[in-house]
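Below you'll find the structure, written out as structure tokens, and then a few comments.
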Amino acid sequence: GRVVAAHHKLASTERRMAAGDRSKKEDWRRYDREFHQALISACGSQVLLDTHAAIYDKYLRYLMIAAAFRGDAAVREHSELLAFALSRDWQSAQATTATHINDCVAQMISRGLAVAGTVRACGPAPESGAHRLSTLRKRRPTALHAHAKMEEVPNE
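118 is the number of the first residue of the sequence shown in this note's numbering; add one for each residue after it.
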């Protein structure tokens, strides 16, 4: 299906980049976006799709500045996200997504790309520990979570 095809292109490019070939940065950025879009493409919520697109576009601006390929960690997280999507394990996918986002943000902060009006402005300072998305997972599931679980993507 769409998720598998998107991951195949992404994984192939990530292998080349991990081996030191940085000539495919633009392809990697495009394939990374396509993979993440494919993961949520069947959610049934135009609001979620629009929100994801807006957030991803802002994130991508900083990614382009940083050329932030995180190597083996990103490759592993993308493989896990594929496996969790195919097995319909939304809880593990949610946890891996939180780690994936937090680690990307942490890398941008460590490179000095988080300045006023950007990543730091989205929440508490990183040193407080309160910025971690993992703290959000401790909340009780909402009706949205229940709906998301029921609206699982069929096999393509």
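Just so it is clear, CB atoms sit at the ideal spot from N, CA and C, and this is done for glycine as well.
Since we're looking at a predicted model, the values are computed, not measured.
task = Take the Cβ of glutamate 77 as the centre, count every other Cβ of all protein chains shown within 10 Å, and call the residue buried at 16 or more, exposed below.
result = The structure shown does not extend to residue 77, since the chain is modelled only from 118 through 273, so no value can be given for it.
request  = Give me the Cα-Cα distance between serine 209 and phenylalanine 201, rounded to the nearest whole angstrom.
outcome  = Stepping through the sequence shown from its first residue, residue 209 is reached at position 92. Stepping through the sequence shown from its first residue, residue 201 is reached at position 84. The alpha-carbon atoms of serine 209 and phenylalanine 201 are separated by roughly 6 angstroms.
Exposure label - leucine 165; buried when at least 16 CB within 10 Å = Residue numbering aside, residue 165 sits at position 48 when the sequence shown is read from its first letter. Looking at its Cβ environment, which holds fewer than 16 other Cβ atoms inside 10 Å, leucine 165 is exposed.
query = Where do the ends of the alpha helix (DSSP H) carrying lysine 126 lie?
reply = Your numbering for residue 126 matches position 9 in the sequence shown. 119-135 is the span of the alpha helix (DSSP H), which, as asked, contains lysine 126.
task = Report back the beta-carbon spacing between alanine 155 and aspartate 189 to the nearest angstrom; my notes put them in contact at under 8 angstroms.
result = As a first step, residue 155 must be located in the sequence shown, where it is residue number 38. As a first step, residue 189 must be located in the sequence shown, where it is residue number 72. No, alanine 155 and aspartate 189 are not in contact; Cβ-Cβ is about 22 angstroms, not under 8 angstroms.
key: Residue interval of the alpha helix (DSSP H) (run including serine 158)   = Along the sequence shown, read from residue 1 onward, the residue named residue 158 stands at position 41. Where serine 158 is concerned, there is no enclosing alpha helix (DSSP H), given that its DSSP letter is neither H nor E.
inquiry  = Measuring straight from C-alpha to C-alpha, what distance separates isoleucine 172 and alanine 122?
reply    = Within the sequence shown, numbered from 1, the residue matching residue 172 stands at position 55. Within the sequence shown, numbered from 1, the residue matching residue 122 stands at position 5. Roughly 23 angstroms separates the two Cα atoms.
request  = Could you please give the first and the last residue of the uninterrupted alpha helix (DSSP H) stretch that includes phenylalanine 186?
outcome  = What you label residue 186 is simply residue 69 of the sequence shown in a count that begins at 1. It is not in any alpha helix (DSSP H) - phenylalanine 186 carries neither H nor E in the DSSP assignment.
request  = Kindly indicate which residue of Arg132, Gly137, Val120 and Ser162 has the alpha-carbon position closest to the one of arginine 150.
outcome  = Taking the sequence shown and counting its residues from 1, one reaches residue 150 at position 33. That would be Val120, whose Cα lies nearest to the Cα of arginine 150.
query = Can you tell which of Arg193, Gly137, Tyr176 and Glu197 has the C-alpha that lies nearest to the C-alpha of isoleucine 226?
reply = Position 109 of the sequence shown, counted from the first residue, corresponds to residue 226. The shortest C-alpha separation from isoleucine 226 is found at Tyr176.
query = When you compare only the Cα positions, how much space is there between lysine 141 and alanine 212?
reply = As a position in the sequence shown, residue 141 is number 24, starting the count at 1. As a position in the sequence shown, residue 212 is number 95, starting the count at 1. Answer to the nearest angstrom: the Cα atoms are 29 angstroms apart.
ask   = How many angstroms separate the CA atom of lysine 126 from the CA atom of arginine 133?
value = The residue you call residue 126 lines up with position 9 of the sequence shown. The residue you call residue 133 lines up with position 16 of the sequence shown. When rounded, the distance between both Cα atoms is 11 angstroms.
message = Is valine 164 near the ligand COA - that is, is its Cβ less than 6 angstroms away from at least one heavy atom of it?
response = As far as ligands go, the structure on display features none, and thus does not contain the ligand COA.
query = From Gly137, Thr214 and His124, pick the residue whose C-alpha is nearest to that of arginine 147; which is it?
reply = For the purposes of this step, residue 147 is identified with residue 30 of the sequence shown, where counting begins at 1. The residue with the shortest Cα to Cα distance from arginine 147 is His124.
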